[in-house]
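Those letters in the sequence shown? Residues 0 to 348, by the working numbering.
Working notes, structure below.
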Amino acid sequence: MSQTKKTNVAILGATGSVGQKFIELLSNHPWFEIAELAASDKSAGKKYSEAVNWVMQTTLDKKIAAMEVLKCEPNLKSKIVFSALDASVAGTIEEDFAKAGYIVISNARNHRFDDDVPLMVPEINSDHLELVKVQKFGKGAIVTNPNCSTIGLVMALKPLADKFGIESVNVVTMQAISGGGYPGVPSMDIIDNVIPFIGGEEEKMEKEPRKILGSLSGGKVEYAHITVSAQCNRVSVIDGHMEVVQVKLKKKVSKEEIIEAWNNFSGEPQKLNLPFAPAQPIIYLEGEKYPQPKLHRNLGNGMAVSVGRLRECPLFDYKFVVLSHNTVRGATGGTILIAELMKAKGYLD
Numbered sequence: 000m001s002q003t004k005k006t007n008v009a010i011l012g013a014t015g016s017v018g019q020k021f022i023e024l025l026s027n028h029p030w031f032e033i034a035e036l037a038a039s040d041k042s043a044g045k046k047y048s049e050a051v052n053w054v055m056q057t058t059l060d061k062k063i064a065a066m067e068v069l070k071c072e073p074n075l076k077s078k079i080v081f082s083a084l085d086a087s088v089a090g091t092i093e094e095d096f097a098k099a100g101y102i103v104i105s106n107a108r109n110h111r112f113d114d115d116v117p118l119m120v121p122e123i124n125s126d127h128l129e130l131v132k133v134q135k136f137g138k139g140a141i142v143t144n145p146n147c148s149t150i151g152l153v154m155a156l157k158p159l160a161d162k163f164g165i166e167s168v169n170v171v172t173m174q175a176i177s178g179g180g181y182p183g184v185p186s187m188d189i190i191d192n193v194i195p196f197i198g199g200e201e202e203k204m205e206k207e208p209r210k211i212l213g214s215l216s217g218g219k220v221e222y223a224h225i226t227v228s229a230q231c232n233r234v235s236v237i238d239g240h241m242e243v244v245q246v247k248l249k250k251k252v253s254k255e256e257i258i259e260a261w262n263n264f265s266g267e268p269q270k271l272n273l274p275f276a277p278a279q280p281i282i283y284l285e286g287e288k289y290p291q292p293k294l295h296r297n298l299g300n301g302m303a304v305s306v307g308r309l310r311e312c313p314l315f316d317y318k319f320v321v322l323s324h325n326t327v328r329g330a331t332g333g334t335i336l337i338a339e340l341m342k343a344k345g346y347l348d
């Protein structure tokens, strides 16, 4: 899809770590132009460079640094807004924007389980975008991305669900500290330690895959009939969520068939050649010690999901390891890919 004029976008919650990642990834985007930045009342009115504690590893662009931070109120010129808002405030603000005719593409959890709101992983359920046509916001809309740990899991499950059927899944996560935002977990808690609890995470992982892998019917999603059990842990890794997965399938299949399903998997973003779409969204790694966060989190510019250590399981059918970049594919990069899909499909016109 060729683009001539870029689409102006705004970022809500622009000073936080997720907002900063949006700025970093949207800089020089071929389709989108950052036109406005909005944040809390205490930041509004300041130059962005004065309001932000920039924690990205790239240099803050001078043009962005000089922009005035606006309030998170629906009087922005940009009709496409990326929400990096904290869940404590996101719900009402996002609704206010949608009611005022804005397209809100959100990284927050607040509207993920609204019946008429798509919970999107573009390679998996692009057809769920149809839900925006039945939303109550007129020309406005809300579309959400899932929890960062859910995304890696459902990417690995989708080809198996399509080809073989899935009955049940057990997943244990080892999640990076960047998933907790900045400044995140205190160093005295996480160094030389594993924290076997992340608030609300297990509930999300047990419910979100069922909506994402569900089917669209009568203006809402029929949840997939899959049982998911999750245990979530915070580990001393900066970026990259690792998950050890056990899966019970509906068909008896070989290891080779599963690997072939992963390696041959692609979706609508690949067909449309979207800018943030990895050429190969799932990469199976043969090494017995792979995948590893330090080595593999940036595959496909952080948008590919790597899988390894597939072997038979005495309790389920198979077990394997999944790795995804939690702040790129699992958060802002995945949200930008949703916007690209919506642009390509005419939802942003």
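Positions of the beta carbon are idealized from the N, C-alpha and C atoms, including for glycine.
Mapping DSSP to helix, strand and coil, what is residue i?
i	result
R308	strand
E353	In the structure as shown, the chain starts at 0 and stops at 348, and residue 353 therefore has no counterpart that could be examined.
M0	Any reading at M0 is ruled out, since the residue's pLDDT is 49, under 50, leaving its predicted position unreliable.
L215	strand
C71	coil
V133	helix
L36	strand
M341	helix
L163	The displayed chain sequence assigns Phe, not Leu, to residue 163. Here F163 sits in coil by DSSP.
M204	helix
V246	strand
F196	coil
T14	coil
A97	helix
H224	coil
K62	helix
V8	strand
Q269	helix
N232	strand
F112	coil
T57	coil
H240	strand
S105	strand
N169	strand
A140	strand
Q279	coil
Please go through the same chain and pick out, in chain order, the residues whose beta-carbon is closer than 8 Å to the beta-carbon of residue i, but skip the five residues on each side of it.
i	result
S253	none
E207	R111, L118, P145, N146, T149 and V153
Y317	Q245, V246, L248, K254, I257, L309, R310 and E311
G286	G307
G44	E67 and V68
Tell me whether residue i is buried or exposed, calling it buried when 16 or more other Cβ atoms sit within 10 Å of its Cβ.
i	result
M0	Per-residue confidence for M0 stands at a pLDDT of 49, beneath the threshold of 50, marking its modelled position as unreliable; the derived number appears in the next sentence. M0 should be labelled exposed.
H224	exposed
Q19	buried
N146	buried
P195	exposed
R296	buried
R328	buried
V54	exposed
K4	exposed
T226	exposed
K210	buried
K203	buried
A86	exposed
L314	exposed
N52	exposed
I197	buried
With a cut-off of 8 Å on the beta carbons, I'd call residue i and residue j a contact; round off their distance for me.
i	j	result
Q174	C231	6 Å
I79	T143	About 15 Å separates the two Cβ atoms, so there is no contact after all.
I176	I102	Their Cβ separation, rounded to whole angstroms, is 32 Å, which puts I176 and I102 out of contact at 8 Å.
L336	F275	5 Å
P292	G307	With 8 Å as the limit, P292 and G307 do not qualify as a contact, their Cβ atoms being about 12 Å apart.
P277	M302	4 Å
A50	G12	Not confirmed; about 12 Å, so no contact.
G239	L322	6 Å
E221	S228	In fact, because the Cβ distance is near 21 Å, the residues do not count as touching under 8 Å.
L69	L36	7 Å
I92	C71	5 Å
Short of 6 Å in beta carbon distance, which residues of its chain neighbour residue i, apart from the five on each side in sequence? Order them along the chain.
i	result
D115	L130, V133 and Q134
K219	D114
Y283	I258, W261, N262 and V306
N325	C147, A175, G178 and H240
S48	A64
A155	V306 and V321
E201	A229 and C231
G100	K138 and G139
A160	L212
Enumerate in chain order the residues of its own chain whose CB-to-CB distance from residue i is below 7 Å, with the five nearest sequence positions on each side excluded.
i	result
W30	Q2, K5, T6, P274, E339 and K342
D40	K70
Using a beta-carbon distance below 8 Å, is residue i in contact with chain B?
i	result
L248	The structure shown contains no chain B; it holds only a single protein chain.
Inter-stretch contact at 8 Å, needing at least 3 Cβ pairs: the region 21 to 34 / the region 45 to 63
yes
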